[in-house]
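**Student:** Protein chains in written order, with my numbering: chain R, 440 to 776; chain U, 440 to 776; chain P, 440 to 776; chain C, 440 to 776. Glycine residues also receive a C-beta, built at the ideal position from the N, C-alpha and C atoms. The structure presented is a predicted model; accordingly, all values stated were derived computationally and were not measured.
4 protein chains.
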Amino acid sequence: MIFLKNDYSLGAHPKVLDALVKTNMTLADGYGEDAFCYSAADYIRHLIACPAADIHFLTGGTQTNMTALAAFLRPHHSIISADTGHICVHETGAIEATGHKINHVKTREGKLSPQDIDDVMISHEDEHYVKPRIIYISNSTETGLIYTKAELLALREACDKHHLLMYIDGARLAMALTAQSNDLIFEDLPKIADAFYIGGTKCGAMFGEALIIVNDSLKEDMRFLVKQRGGLLAKGRLLGVQFDALLKDEAYLQLGAHANAMASKLAEGIKAKGYEFVIPPETNLIFPLFPKELAAELATRVMFETWPYVTDTHQAIRLVTSWGTEENEIKEFLKLI
Amino acid sequence: MIFLKNDYSLGAHPKVLDALVKTNMTLADGYGEDAFCYSAADYIRHLIACPAADIHFLTGGTQTNMTALAAFLRPHHSIISADTGHICVHETGAIEATGHKINHVKTREGKLSPQDIDDVMISHEDEHYVKPRIIYISNSTETGLIYTKAELLALREACDKHHLLMYIDGARLAMALTAQSNDLIFEDLPKIADAFYIGGTKCGAMFGEALIIVNDSLKEDMRFLVKQRGGLLAKGRLLGVQFDALLKDEAYLQLGAHANAMASKLAEGIKAKGYEFVIPPETNLIFPLFPKELAAELATRVMFETWPYVTDTHQAIRLVTSWGTEENEIKEFLKLI
Amino acid sequence: MIFLKNDYSLGAHPKVLDALVKTNMTLADGYGEDAFCYSAADYIRHLIACPAADIHFLTGGTQTNMTALAAFLRPHHSIISADTGHICVHETGAIEATGHKINHVKTREGKLSPQDIDDVMISHEDEHYVKPRIIYISNSTETGLIYTKAELLALREACDKHHLLMYIDGARLAMALTAQSNDLIFEDLPKIADAFYIGGTKCGAMFGEALIIVNDSLKEDMRFLVKQRGGLLAKGRLLGVQFDALLKDEAYLQLGAHANAMASKLAEGIKAKGYEFVIPPETNLIFPLFPKELAAELATRVMFETWPYVTDTHQAIRLVTSWGTEENEIKEFLKLI
Amino acid sequence: MIFLKNDYSLGAHPKVLDALVKTNMTLADGYGEDAFCYSAADYIRHLIACPAADIHFLTGGTQTNMTALAAFLRPHHSIISADTGHICVHETGAIEATGHKINHVKTREGKLSPQDIDDVMISHEDEHYVKPRIIYISNSTETGLIYTKAELLALREACDKHHLLMYIDGARLAMALTAQSNDLIFEDLPKIADAFYIGGTKCGAMFGEALIIVNDSLKEDMRFLVKQRGGLLAKGRLLGVQFDALLKDEAYLQLGAHANAMASKLAEGIKAKGYEFVIPPETNLIFPLFPKELAAELATRVMFETWPYVTDTHQAIRLVTSWGTEENEIKEFLKLI
């Protein structure tokens, strides 16, 4: 079977694994107060050119999103998100379980716009409504798209206009920052977002996400909140070791670039055979529209997920590449169509 | 000023007030464990022909909705509601503050259909999604419409198919049950819904709602939940006294019928003058579409709220009648248009 | 039966009832934005000599405590309270249901001391513990005792030392401020507490409590929080009308003084007969220790509650007087012992 | 520096690390639905002789405790625990953040007794109180003690009497089951507890705990709850791989036995020098009472934590051994005293 189902089905990238093995018998203080975490945090601050940023390492995306968002909000505050946002659909109501409503916004392709923000704000006028306080976007999105720098700046402006904070879910930040159409660099992020995370789980780590808090007013007591939500790993050192290994020497971006390159080859091959995409391919998640018979046949040879777009004759599917996808898998896939 | 802004701007209907005055110096046990509450509860069980129903009296609608819904659900359960539902927009996220997501459904006019339920269920397939467990509808709705018996039975069937519970917000049940197009009676409700409430605040009481739990599996320990959410009034007797006064001798339905009759006269007069409605008038909330200039002029003589439907030339407004609306107010209004 | 069971088993004081009757058919805007509430709030600001205080009217004590405390705290913050505090035992975990731990402190007689605060703070050292952020006291306490001005100032000092807020539950403030040993006046409260409430339910109102927020940093968006927790009464005017009637012409303090006077007569009579008290009588809750046979016999003629203090031969009971207790009830009781 | 500070400051036991390395490039489905997790779960069911048990793998102890306990309870339910319980003090209010009160019980040495349960139950009589629904114990406890089989059976009996569930935190189960005074085996646990967890983090794993649900009524939808609380690791396979490696060939118990053996040598040496213990040494956490000068001197050569027991002349400290503690560390320590 060719595997194009997701980007979290291998263990860790060999560099990360080696680092874990090498440091395994080194004694380190618990709960992230160790030299590995301090080193990784320092490196991140350097990478994003934001010496005052607070860095917290957590184990997964849902945990990071719910911990950060709930920490930033008072009980009546809500979160504005595209209704395809990971927090809206794929986190089993983790956000609501912390007490907060998400204002779901219907978007065309999963990207939030300043107009969307205006629309939500205009209909939330007084204390009978929740008070939107933060926007949630992911880069790249669950639809495989990225935000350009101009788009992010426009969102920031909308946030400032409405006294809103801005949070970026970077589960696939490695792919976002290495997409062909991308014009963002690490250093731009803390200038635009109040908080964001650099995703490890889908970008080469065994597990782990690095939450970065830029806005000073959001920093206080964050370790209490991480602990309370179950995210303060006893052997926090494991996260420091991994991010250190991942981020140094640009490994992180190389892994992202590889996943994108594989997806790009795949997309080009699919286009060349005359098929279309329901969402334009931009990163490592692509969404070709195949005749139903072909989709059914592929399912016997390839592991992938279907996408909820279907016509009388065609079915959209989701193909995902990762740092571990090999070129011959792409070639084999293309032979099948 | 003519007052057509809402149905909760007077105190209590005189019958209710008299009952409160008469019983004021009678000693009664606290927290709803008194003869007045027992009598009112018995009367409700008789009225709805459901001797096994549990009755709890609470002080307001938001409180009743959040207390009941949260009591019925486990943390991963969600609630399906039309996106115009009171719990979706006008309760400041009270439901989410108890930890539960609401699956907002876009509807044409504020009424939920079996198809809406099917659509939600099909997209909630496994543990990465919340698990819908109950539907929330209001009768009459926030758009002034009612559900027919057939519509409710169809919803019930959809609920059974999907292992869902059914809850009816009866904030304006008096108006629903006395609408011209209505074919429901009190006795139908416990046969269809797992729980519902008979609204007092908007139907003649000073304050108060009577929550009725029909489904045995939802009854356990409900008084704990009411107390925990702040809804167990120390002088619970006040609620028993009011519902006793309201419900006996059909006062409740007469008050609803009066509000509807006033709205009906209003709607007929408006139609006679050639204006249209954005939602067909059915109960005591009606939504005429007026030229903008007329709407602006009316605002100087009439208290009402605008409705978020607007064209280049016209603006919809919401007119509300109540048990206290007098016929001459209607006549005066009609003179103005 | 003589009734000495609690102070919330009558309706409203006649002055309050009259005011409700008189204003019943006056139209008023909903949710506390009406002339009655504005007037009552202004009067309270005058009474406490704190022109900048924010006033919110809620329907009951549990609701007020949970709404206020949860509004003031971030998720990792806890509340320090005597373990006899109303929020600790008699509110069905309402506080915890909003997500916050209460640090229960074992005290001798239900009053919190600066030393208690120090002890809690010393054992909460880092992010593995909750972070205490506010102290909860009630005046008078659930044990019928009051805090002197000096005691409150000492608590305030301890709070300042530890960066803690201070909240006073005034469910029985009328009795506290009129106890013989009291040296506090309304004007002292906003100088000492960050927030407190003037209790209506147990002090002459039909229902209702007036929450007063003094500390500017706690005021923002409070109406959202009140609405979200189900405490924003549609006919908020009812609360304004009641507090206006209660507070003007010193009615409130007279009602408290009456309850205390009745309790005082009761206590003197009991002492005269040679019985002791497990807690020294100070306000309208007194706790005599009676031989078990006497306690049993009394139970057939008097409504009261037992108190969890019992020896081989004796049983403590709780006797409560209210604004409605009549002198002949006291005399009859004393004849029985 | 000799390290006797805790049992989570190394990485993984070499067997576990090897297994992670060997399986690193094997593709596996996400979120614990993979062959490694299935194999580990099967093995656990075999080990505890409970073929119907449900097994869930989570990443840490706080996360496991809060996820399990909150999943088992309705909002008004509380948890009975010794006030030294991990959930009471060292989890930053994680339990309360899910909405539940913990009934803290003062115990002499951190172990809960049937009498403690009776005492709590007698004071929680009606809906004004939370309703205790489950007891939380840890084995071994935070004080290094274990429960004998007879003690656990007596607690079970008390639970049955009061309609309570029973949950065992097994963060250090390896040490509990290999203590000299222990008479419990794996197979006993599902016969006594409704749910428990086998701790990995402190017993040789890199990270991870295996939650075991025995009581059928608690099993439904557990994966939803784990996901919602952020505990469903994307690469769940990592947990399966680790528990497989840990549990097979009795590695788990051998690691526990080693930690205990080291602690035992330490305790004997300390006793031999004439020092006493504030809690009798039983597993890998021991609490000697040293003269203050000695404690201060040790602090310059040994990493350990102080224990909150202090006299004018003496200070208790906590010494912890682990699977990685070496005999020469013990010898060196003993030379220092």
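Would you say THR750 of chain C lies against chain P (beta-carbon separation less than 7 Å)?
**Tutor:** Position 311 of the fourth sequence, counted from the first residue, corresponds to residue 750 of chain C. Closer than 7 Å: no.
**Student:** With a threshold of 7 Å between beta-carbons, can LEU512 of chain R be considered close to chain P, or not?
**Tutor:** The residue you call residue 512 of chain R lines up with position 73 of the first sequence. By this cut-off, LEU512 of chain R is not an interface position.
**Student:** List the residues of chain C whose Cβ lies closer than 7 Å to the Cβ of HIS602 of chain P, in chain order.
**Tutor:** Along the third sequence, one-based indexing puts residue 602 of chain P at 163. The premise fails here: HIS602 of chain P is roughly 18 Å from chain C at the closest Cβ pair, so nothing lies under 7 Å.
**Student:** Is the Cβ of LYS658 of chain R closer than 7 Å to any Cβ of chain P?
**Tutor:** Position 219 of the first sequence holds residue 658 of chain R. No, LYS658 of chain R does not count as interfacial toward chain P.
**Student:** Does the distance from the CB of GLY708 of chain P to the CB of LEU773 of chain P come in under 7 Å?
**Tutor:** Residue 708 of chain P sits at position 269 when you count from the first residue of the third sequence. Residue 773 of chain P sits at position 334 when you count from the first residue of the third sequence. Yes.
**Student:** To the nearest angstrom, how far is the alpha carbon of ALA644 of chain C from that of ASP688 of chain C?
**Tutor:** Here residue 644 of chain C refers to the residue found at position 205 when the fourth sequence is read from its first residue. Here residue 688 of chain C refers to the residue found at position 249 when the fourth sequence is read from its first residue. When rounded, the distance between both Cα atoms is 15 Å.
**Student:** Going by the beta-carbon positions, is the gap between VAL559 of chain P and ILE607 of chain P smaller than 7 Å?
**Tutor:** As a position in the third sequence, residue 559 of chain P is number 120, starting the count at 1. As a position in the third sequence, residue 607 of chain P is number 168, starting the count at 1. In this structure, ILE607 of chain P does not lie closer than 7 Å to VAL559 of chain P by Cβ.
**Student:** Any heavy atom of the ligand ADP closer than 6 Å to the CB of LYS770 of chain C?
**Tutor:** Ligands in the displayed structure: none, and consequently the ligand ADP is not present.
**Student:** Would you call the region 644-662 of chain C and the region 617-635 of chain C in contact, with 3 or more CB pairs under 8 Å?
**Tutor:** yes
**Student:** Using a Cβ-Cβ cut-off of 7 Å (strictly less than) and excluding sequence neighbours within five positions of LEU692 of chain R, which residues of its own chain qualify?
**Tutor:** Position 253 of the first sequence holds residue 692 of chain R. Only residues of its own chain outside the window of five on either side were considered, and among them ALA613, LEU616, THR617 have a CB closer than 7 Å to the CB of LEU692 of chain R, listed in chain order.
**Student:** From what residue to what residue does the beta strand (DSSP E) around ASP457 of chain C run?
**Tutor:** Indexing the fourth sequence from 1 puts residue 457 of chain C at position 18. Taken as a continuous stretch (DSSP letters only), ASP457 of chain C belongs to no beta strand (DSSP E), being part of the alpha helix (DSSP H) at 453-461.
**Student:** What are the boundary residues of the alpha helix (DSSP H) that ILE709 of chain P is part of?
**Tutor:** As a position in the third sequence, residue 709 of chain P is number 270, starting the count at 1. Per DSSP, ILE709 of chain P belongs to the alpha helix (DSSP H) from 690-711.
**Student:** Tell me the rounded alpha-carbon separation between ASP481 of chain R and LEU650 of chain R.
**Tutor:** Locating residue 481 of chain R in the first sequence gives position 42, counting from the first residue. Locating residue 650 of chain R in the first sequence gives position 211, counting from the first residue. Going by the C-alpha atoms only, they are around 13 Å apart.
**Student:** Excluding sequence positions up to five away, which residues of its chain have a Cβ less than 7 Å from the Cβ of GLY695 of chain C?
**Tutor:** As a working mapping, residue 695 of chain C is identified with position 256 in the fourth sequence. The residues are ALA613, MET614, LEU616, THR617, CYS642.
**Student:** Considering only the alpha carbon of each residue, which of R:THR739, R:ALA488, R:ARG757 lies closest to MET440 of chain R?
**Tutor:** Reading the first sequence from its first residue, position 1 is the one you call residue 440 of chain R. For MET440 of chain R, the nearest C-alpha among the options comes from R:THR739.
**Student:** So what's ALA634 of chain P in DSSP terms, helix, strand or just coil?
**Tutor:** Within the third sequence, residue 634 of chain P is the residue found at index 195, counting from 1. It is a strand residue.
**Student:** Using only the alpha-carbon positions, how far apart do LYS666 of chain R and HIS567 of chain P sit?
**Tutor:** Mapped onto the first sequence, residue 666 of chain R falls at position 227. Mapped onto the third sequence, residue 567 of chain P falls at position 128. Roughly 7 Å separates the two Cα atoms.
**Student:** If you draw a straight line from the C-alpha of TYR470 of chain U to the C-alpha of ALA673 of chain U, how long is it?
**Tutor:** For this step, residue 470 of chain U is matched to residue 31 along the second sequence. For this step, residue 673 of chain U is matched to residue 234 along the second sequence. For TYR470 of chain U and ALA673 of chain U, the gap between their C-alpha atoms comes out near 5 Å.
**Student:** Could you tell me whether the Cβ of SER579 of chain C comes closer than 7 Å to any Cβ of chain R?
**Tutor:** Within the fourth sequence, residue 579 of chain C is the residue found at index 140, counting from 1. Answer no: the Cβ-Cβ gap between SER579 of chain C and chain R never drops below 7 Å.
**Student:** If you run the structure through DSSP and keep just helix, strand and coil, what is SER520 of chain P?
**Tutor:** Here residue 520 of chain P corresponds to residue number 81 of the third sequence, with the count starting at 1. It is a strand residue.
**Student:** Where DSSP assigns a beta bridge to ASP757 of chain P, which residues make up the other side?
**Tutor:** Numbered from 1 along the third sequence, position 318 holds the residue referred to as residue 757 of chain P. The identity of residue 757 of chain P in the sequence shown is Arg, whereas the question assumes Asp. Beta-bridge pairing links ARG757 of chain P to P:GLU744.
**Student:** Which term fits PRO629 of chain R, buried or exposed, when burial requires 16 or more other beta carbons within 10 angstroms of its beta carbon?
**Tutor:** Numbered from its first residue, the first sequence carries residue 629 of chain R at position 190. With 16 or more other Cβ atoms within 10 Å, it is buried.
**Student:** So THR587 of chain U packs on GLU548 of chain U, CB below 8 Å; how close in whole Å?
**Tutor:** Here residue 587 of chain U corresponds to residue number 148 of the second sequence, with the count starting at 1. Here residue 548 of chain U corresponds to residue number 109 of the second sequence, with the count starting at 1. Actually they do not touch by this definition, with Cβ atoms about 14 Å apart.
**Student:** Do you know offhand how far GLY647 of chain P's Cα is from GLY670 of chain P's?
**Tutor:** By one-based count along the third sequence, residue 647 of chain P stands at place 208. By one-based count along the third sequence, residue 670 of chain P stands at place 231. Cα to Cα, the separation comes out at about 10 Å.
**Student:** State yes or no: is the C-beta of HIS515 of chain R within less than 7 Å of the C-beta of PHE496 of chain P?
**Tutor:** The residue given as residue 515 of chain R occupies position 76 in the first sequence. The residue given as residue 496 of chain P occupies position 57 in the third sequence. With a cutoff of 7 Å on beta-carbon distance, HIS515 of chain R and PHE496 of chain P are scored as not near each other.
**Student:** Is the shortest distance between the beta-carbon of ASP669 of chain C and the beta-carbons of chain R less than 7 Å?
**Tutor:** Position 230 of the fourth sequence, counted from the first residue, corresponds to residue 669 of chain C. Per the sequence shown, residue 669 of chain C should be read as Gly rather than Asp. Taking Cβ atoms only, chain R reaches closer than 7 Å to GLY669 of chain C, which makes this a yes.
**Student:** THR531 of chain P touches chain C at which residues, Cβ-Cβ below 7 Å?
**Tutor:** Taking the first residue of the third sequence as position 1, residue 531 of chain P is located at position 92. HIS515, GLU566, HIS567, TYR568, VAL569, listed in chain order.
**Student:** What does the Cβ neighbour count give for GLU535 of chain R, buried or exposed, with the cut at 16 atoms within 10 Å?
**Tutor:** Taking the first sequence and counting its residues from 1, the one referred to as residue 535 of chain R is at position 96. By the 10 Å Cβ count, GLU535 of chain R comes out buried.
**Student:** Spell out the partners DSSP gives ALA649 of chain U in its beta bridges.
**Tutor:** Within the second sequence, residue 649 of chain U is the residue found at index 210, counting from 1. According to DSSP, ALA649 of chain U bridges with U:PHE496, U:ILE637.
**Student:** I'd like to know if LYS641 of chain P contacts chain C, where contact means its C-beta is closer than 7 Å to some C-beta of that chain.
**Tutor:** On the third sequence, residue 641 of chain P is found 202 positions in, with the first residue counted as 1. False, the Cβ-Cβ gap to chain C never drops below 7 Å.
**Student:** Step through the CB atoms of chain R and report whether any lies within less than 7 Å of the CB of ARG662 of chain P.
**Tutor:** Reading the third sequence from its first residue, position 223 is the one you call residue 662 of chain P. Closer than 7 Å: yes.
**Student:** With a threshold of 8 Å on Cβ separation, who are the neighbours of ASP473 of chain C within its own chain once the five nearest residues in sequence on each side are excluded?
**Tutor:** As a first step, residue 473 of chain C must be located in the fourth sequence, where it is residue number 34. Closer than 8 Å at Cβ, skipping near neighbours: ALA467, GLY675, ARG676, GLY679.
**Student:** Could you check what DSSP says for VAL680 of chain U in three-state terms: helix, strand or coil?
**Tutor:** The sequence position of residue 680 of chain U within the second sequence is 241, counting from 1. Helix at VAL680 of chain U.
**Student:** Does the separation of the CB atoms of GLY524 of chain P and TYR575 of chain P fall below 7 Å?
**Tutor:** Sequence index remark: in the third sequence, residue 524 of chain P carries index 85 (1-based). Sequence index remark: in the third sequence, residue 575 of chain P carries index 136 (1-based). Going by C-beta atoms, GLY524 of chain P is nearer than 7 Å to TYR575 of chain P.
**Student:** How big is the Cα-Cα spacing for ILE585 of chain R and THR580 of chain U?
**Tutor:** Here residue 585 of chain R corresponds to residue number 146 of the first sequence, with the count starting at 1. Here residue 580 of chain U corresponds to residue number 141 of the second sequence, with the count starting at 1. Going by the C-alpha atoms only, they are around 41 Å apart.
**Student:** Could you tell me which uninterrupted alpha helix (DSSP H) segments, each at least 4 residues in length, are contained entirely in the region 555-622 of chain P, listed from first to last along the chain?
**Tutor:** Counting whole runs of 4 or more residues, the region 555-622 of chain P contains the alpha helix (DSSP H) stretches 588-600, 612-615.
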